Amino acid sequence: MSTRQAQGTTLFTALLVLIGIGVVVQLWLLAASVDAIMRHEGGAAVQAAVGSLAVFIINGLLVLYVFNFDRKIKRD
Amino acid sequence: MAEDTKKSQDECFECKKKKDARWREDFPVGWESDNYVTRREMVKFLALGSLTIAGANAVVAAIPHVVKGSEMPKTRVALASSIPVGGSQLFSYPTAEDPCILVRQQNGDLVAYSQVCTHLSCAVIHDEKENALFCPCHHGLFSVAEGRPYAGPPTRPLPRIRLEQQGNEIFAVGVEIG
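From first to last, the protein sequence lines are chains Z and R.
All residue numbers for the first sequence refer to my numbering, where the first residue is 1 and numbers rise by one.
All residue numbers for the second sequence refer to my numbering, where the first residue is 1001 and numbers rise by one.
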């Protein structure tokens, strides 16, 4: 395994953990927004939805970054 | 004779091998490769999961704007003149299955709370002598001014009913959960 490939493996593992944490946060936000709806507080649910969308955008950017890195390694 | 037996055994072995090969052609995926998940696949799965959860969150947030009647109703609960200082009146809000209690404090202000005790859901009653809301099941006491528990097993405050006064009429307009 080359150094670049080893770097790629480490990068994939690290981003996998980060994205996993993001998904857990999103699940928490979903539970919080359902709770807010049950208490008839629509405002809190909207804030949770915005937060969840922000986490998804971060996750998406991380995935794009890691797949671009992967493509570069394959080209080299 | 012995040679013939050995030959037939070998043939059978060949037959078995052929059968195995056929079976493998029909089911070419092995257990190991079938259960193996790469990091790439896992990242894709998590990204799709993230998208799904964000979508679900957006749907949940949109529910109160789409479904009519999810806002708290405005319900007339009592006439202000009918409740003396230190007196109380029972009513239901937001539905007929949600018992509430309206109390006029010593300073003349009106406050209302859910009558359901936050410990084990017994109905609280107004104790005029103690100036508290009293749960007879486990002797829990809540302050009338804020609905906070100060004695007995309850730890959470009573949900407060938002009130509006229009002339002599008192309306319940919402619920605040402490």
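Even glycine gets a Cβ: it sits at the ideal position worked out from N, Cα and C.
Keep in mind the model is a prediction, meaning the values are calculated, not measured.
Which residues DSSP lists as bridging Z/Phe-12, in chain order: Looking up residue 12 of chain Z in the first sequence gives position 12. Answer is none; Z/Phe-12 lacks a bridge partner.
So who's on the other strand from R/Leu-1090, going by DSSP bridges? Sequence index remark: in the second sequence, residue 1090 of chain R carries index 90 (1-based). In the DSSP output, where bridge partners are listed per residue, R/Leu-1090 has R/Ile-1101.
So which residues on chain Z does R/Val-1060 lean against when the C-beta distance must stay under 9 Å? As a first step, residue 1060 of chain R is located in the second sequence; it is residue number 60 there, counting from the start. Correct list: Leu-30, Ser-33, Val-34, Ala-36, Ile-37, Ala-45, Ala-48 and Ala-49.
Can you tell me the Cα-Cα spacing of R/Glu-1176 and R/Ser-1081, whole angstroms? Within the second sequence, the letter at position 176 stands for residue 1176 of chain R. Within the second sequence, the letter at position 81 stands for residue 1081 of chain R. Those two C-alpha atoms are separated by around 25 Å.
Contacts of Z/Ile-73 in chain R (Cβ-Cβ under 7 Å): Position 73 of the first sequence holds residue 73 of chain Z. The contacting residues do not exist; Z/Ile-73 stays about 12 Å from chain R at best.
Close Cβ partners of R/Ser-1092 (< 7 Å) along its chain, the five nearest in sequence each way excluded: Against the second sequence, residue 1092 of chain R aligns to sequence position 92. Closer than 7 Å at Cβ, skipping near neighbours: Asp-1098, Pro-1099 and Cys-1100.
Chain Z contact for R/Leu-1158 (CB, 7 Å cutoff): On the second sequence, position 158 is the one that residue 1158 of chain R refers to. For R/Leu-1158, the answer is no, since every Cβ of chain Z falls outside 7 Å of its Cβ.
Could you check the C-alpha separation between R/Val-1116 and R/Leu-1102 for me, to the nearest Å? For this step, residue 1116 of chain R is matched to residue 116 along the second sequence. For this step, residue 1102 of chain R is matched to residue 102 along the second sequence. If you take the alpha carbons of R/Val-1116 and R/Leu-1102, they lie about 13 Å apart.
Between which two residues does the beta strand (DSSP E) holding R/Tyr-1036 run? As a working note, residue 1036 of chain R is residue 36 in the second sequence. Premise fails: R/Tyr-1036 is in no beta strand (DSSP E) and is neither H nor E.
Chain R beta carbons: is any one of them nearer than 7 Å to that of Z/Leu-11? By one-based count along the first sequence, residue 11 of chain Z stands at place 11. No, Z/Leu-11 does not count as interfacial toward chain R.
Is DSSP giving R/Gln-1165 helix, strand or coil here? On the second sequence, residue 1165 of chain R is found 165 positions in, with the first residue counted as 1. Three-state result, R/Gln-1165: strand.
Determine, using beta carbons only, whether Z/Gly-20 and Z/Asn-59 come nearer to each other than 7 Å. Residue mapping note: residue 20 of chain Z aligns to position 20 of the first sequence, counting from 1. Residue mapping note: residue 59 of chain Z aligns to position 59 of the first sequence, counting from 1. Result no, Cβ atoms of Z/Gly-20 and Z/Asn-59 do not sit closer than 7 Å.
Step through the CB atoms of chain R and report whether any lies within less than 7 Å of the CB of Z/Phe-56. For the purposes of this step, residue 56 of chain Z is identified with residue 56 of the first sequence, where counting begins at 1. It does; some Cβ of chain R falls within 7 Å.
Are the CB atoms of R/Val-979 and R/Arg-1104 nearer to each other than 7 Å? The question about residue 979 of chain R has no answer here: the residues shown for chain R are numbered 1001 through 1178.
Going by beta carbon distance, what residues of the same chain come within less than 6 Å of Z/Ser-25, once the five residues before and after it are set aside? Counted from its first residue, the first sequence places residue 25 of chain Z at position 25. Per the sequence shown, residue 25 of chain Z should be read as Val rather than Ser. The residues are Val-55.
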